[in-house]
Every structure is written in structure tokens, then in C-alpha cells.
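Under this note's numbering, think of the first position of the sequence shown as 1072, with each following residue one higher. Where is the CB? At the ideal position from N, CA and C, for every residue including glycine. Note that the structure is a prediction, hence the values are computed from the model and not measured.
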Amino acid sequence: MKTTRRQLLAGGGALACALAVSPKPARAAEAAGKAPLRLSLAAYSFRDLLPRGEKKGAMTLHDLLDRCPDWGLDAFEPTSYYFSSEEPAYLHSLKAKAFRLGVEISGTAVGNNFCLPEGDDRAREMADMKRWIGNAVEIGAPVIRIFAGREDKKTDRAAAFDRAVAGIREACDYAGSRGVFLAIENHGYLTETADDVLRILDTVNHEWLGVNLDTGNFHGDPYANMAQLAPKALNVQVKAAVNVDGKKGEADFARIAGILRDAGYRGYVALEYEEDADPLTAVPPMLDKLRAALRSV
């Protein structure tokens, strides 16, 4: 018998009613109409096991990707330091493996220094940055974690700030032309506090620049600093510990998740494990703990 349009609509209404009274519980975020925060893992967590330069590793980025589904991860952050190659075939193999596993590439991370004066070293830093922006495009990474730069005793802070701003602005111009965001991390020196990071962000004033919020790099009141930066975050890296007034303590994942939710953050939250324990045994339960916190808000 041919189904009429009226019957089809009536059936759809019945289905909607059935779904509305379904006893299956919804997560708190979904029930409130909010997108759940998505869990990622920074490859840096396995830095002692991964190859870097001439150093051979016990595992590769591909090996880590294979474990992501078993660990219930939504995404993976392959840090640039541990790429075995930058050839297109290698980059595409990472992208393909992630896609087949149902794991997104949440971003990547580089270790630039834009505080250097004009010269060959600074030119190399910029060339490396632009090359990695291209690599990010190839692997499908939407954002790159960047630094302002490192302290040089020969350079005063004001000059270093100006150099960092100029370098970040040039990098952002190129990143924007490739459709990749850059996210500056709170990482000491010019970026010790939320105010420091926001000053750079405001001075550069670029639509392709945001914040990589690292929860473990603050001192004093880390949670207040997190709350200040969270509205500008493009990526978040969560560490197992925080420093409160110079004292190391366990991070409050639930509090961090609440800060992110209150700020309207809807992106990835990557665990960046830096403790001394073997990451192969320590990371999975830490991911479970972080996941529970993210789902609770």
C-alpha cells in the first residue's frame, strides 16, 4: 500500500513523541543544548617514547593514533617535534589513518622563537613556521600552538615584545591565507600571565590568532588566569598538575571544565601529560578522569 504524505507526517510525529519520552538519559551538556567538550591527547605526553631528530623511539605517531579509539578519544594532537618525515606521503598517511579510525586531528604544535633579532636565525624561525602551517594544511589540523619566544639576556623585554608581535603578525598573515589558526600559549617570559598573553593578542590584533590555554603553566592563582584567557581560547591543553602560589598540586579537572563551559568554549581539550609515571599506564586513567569532568558540565 502506498504511504500518503499525511501518514508519513503522522508517523514522524509519533516518532518524535517516542523520542521525547525515551528513558535514555542525556548528558548534562546535551540536555541543556550545549555541545559537549571534546577530548584530545597531545603527543607530547609520550615524548620519551617518540622519535625526535636522531633519537629513535619505542613508538611512532601512527602507533599512538592506533590507541586513540581504545582510549575513547575524539581527537589527537600530533606535536611537530615527533614527525618522522615532512614528506606529503607521510603527512597524508597520518591524516588517512586518523580518518579511518574516526579520530580528528585537533591541531598541532611548534616550538618557535620570535624574540630573535633580524638575521639568519630569525629568518629560519619564520621559514619553519610557514612550512609547518603548510604541514598543518596537509594533515587537516585547524590550529597550531605557537610561542612568543624565549628570553635572551642581551635583549630587553620591550624589544623582545616588539619582535614577538611582528613575528606573530607575519605568521598570522600567512596562516590566514592557508586557513589555519595560530594559538599563542601561556608559556613563560612574555606570556607568564593572562594579562601578558592578552596584551600580545590585543597588539597583534589578528583574526587568525587566539589562545592556546595551558592549564599547567600559570603561577599565583592559576584558575583566575584560566578564566581570564578561556574566552579567547582556540585550543586547550590540560595538565595533571597546577602551580598555586609556587606550590605544585593536583589539577581540579571539574573546576577547569566549569571555567571552559562558562566561557562558552566549544573546542578540543587535549590532555598533555607531563608527570614522571609511564604514560602508557598513567595516561588512560587520566583520560577517563578528564572525560568525566568534561561531561559533567
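Is there contact here, the region 1275–1284 with the region 1232–1245, by at least three beta-carbon pairs under 8 Å?
Judged by Cβ distances under 8 Å, the region 1275–1284 makes contact with the region 1232–1245, as three or more pairs qualify.
Identify every residue that forms a DSSP beta bridge with K1374.
Lying before the first or after the last residue shown, residue 1374 is absent from the chain, which here runs from 1072 to 1368.
Stretch pair the region 1297–1305 + the region 1325–1335: three plus CB contacts closer than 8 Å:
Contact between the region 1297–1305 and the region 1325–1335 is present, because at least three Cβ pairs lie under 8 Å.
Bridge partners of K1126, per DSSP?
R1123.
Sorted by chain position, which residues of the same chain lie with C-beta nearer than 6 Å to M1130's C-beta, five sequence neighbours on each side aside?
Excluding residues within five positions, the ones whose Cβ falls inside 6 Å are L1120.
Would H1163 and E1125 be called neighbours here (beta carbons separated by less than 8 Å)?
Between H1163 and E1125, the C-beta spacing is not below 8 Å.
On the DSSP letters alone, give me the boundaries of the beta strand (DSSP E) that D1285 sits inside.
Per DSSP, D1285 belongs to the beta strand (DSSP E) from 1280–1285.
Measuring only the C-alpha atoms, how far is V1268 from V1340?
Taking the straight line from one Cα to the other gives about 19 Å.
Do G1211 and I1176 count as a contact pair if the criterion is CB distance below 8 Å?
Remark: C-beta atoms of I1176 and G1211 approach each other more closely than 8 Å.
Helix, strand or coil, according to DSSP, for G1238 in the structure here?
When secondary structure is reduced to three states using DSSP, G1238 falls in the helix class.
For D1145 and K1224, what's the separation of their Cα atoms in angstroms?
If you take the alpha carbons of D1145 and K1224, they lie about 42 Å apart.
Could you have a look at L1144 and say whether DSSP puts it in helix, strand or coil?
In this structure, L1144 counts as coil in the three-state DSSP scheme.
Residue span of the beta strand (DSSP E) that contains S1111, given as start and end:
Looking at the DSSP string, the run of the beta strand (DSSP E) that includes S1111 is 1109–1112.
If you draw a straight line from the alpha carbon of L1112 to that of G1143, how long is it in whole angstroms?
Cα-Cα distance, rounded: 10 Å.
With respect to 7 Å, is the separation between the Cβ of R1326 and the closest non-hydrogen atom of the ligand MG below this value?
Although the ligand MG was asked about, the structure shown includes no ligands whatsoever.
If you measure from the beta carbon of E1157 to each beta carbon in chain B, is any gap under 8 Å?
The chain labelled as chain B is not found in the depicted structure, where only one protein chain is given.
Can you tell me which of the three DSSP states E1345 falls into?
Per DSSP, reduced to three states, the secondary structure at E1345 is coil, with no helix or strand assignment.
In the structure shown, what three-state DSSP assignment does T1352 receive?
Three-state DSSP puts T1352 in a helix.
For R1249, count the other beta carbons within 10 Å of its own beta carbon; 16 or more makes it buried, fewer makes it exposed. Which is it?
Burial call: exposed.
Starting from N1206, trace the alpha helix (DSSP H) in both directions and tell me its first and last residue.
1191–1210 is the span of the alpha helix (DSSP H), which, as asked, contains N1206.
C-alpha distance - E1321 paired with A1312, whole-angstrom precision
Each residue's alpha carbon lies about 5 Å from the other.
Using the beta-carbon count (16 or more within 10 Å), is V1092 buried or exposed?
With a pLDDT of only 41 at V1092, under 50, the local geometry of the prediction cannot be trusted, and no value is derived from it.
Buried or exposed, going by whether 16 or more other CB atoms sit within 10 Å of the CB of T1352?
With fewer than 16 other Cβ atoms from the protein chains shown falling within 10 Å of its own Cβ, T1352 counts as exposed.
Terminal residues of the continuous beta strand (DSSP E) containing F1324?
Counted as a single uninterrupted DSSP element, the stretch harbouring F1324 is not any beta strand (DSSP E) but the alpha helix (DSSP H) occupying residues 1324–1333.
Alpha carbon to alpha carbon, how far is G1291 from D1316? Give it in angstroms, no decimals.
When rounded, the distance between both Cα atoms is 4 Å.
How far does the alpha helix (DSSP H) with N1306 in it extend, from its first residue to its last?
For N1306, no alpha helix (DSSP H) segment is defined; the enclosing uninterrupted segment is the beta strand (DSSP E) at 1304–1309.
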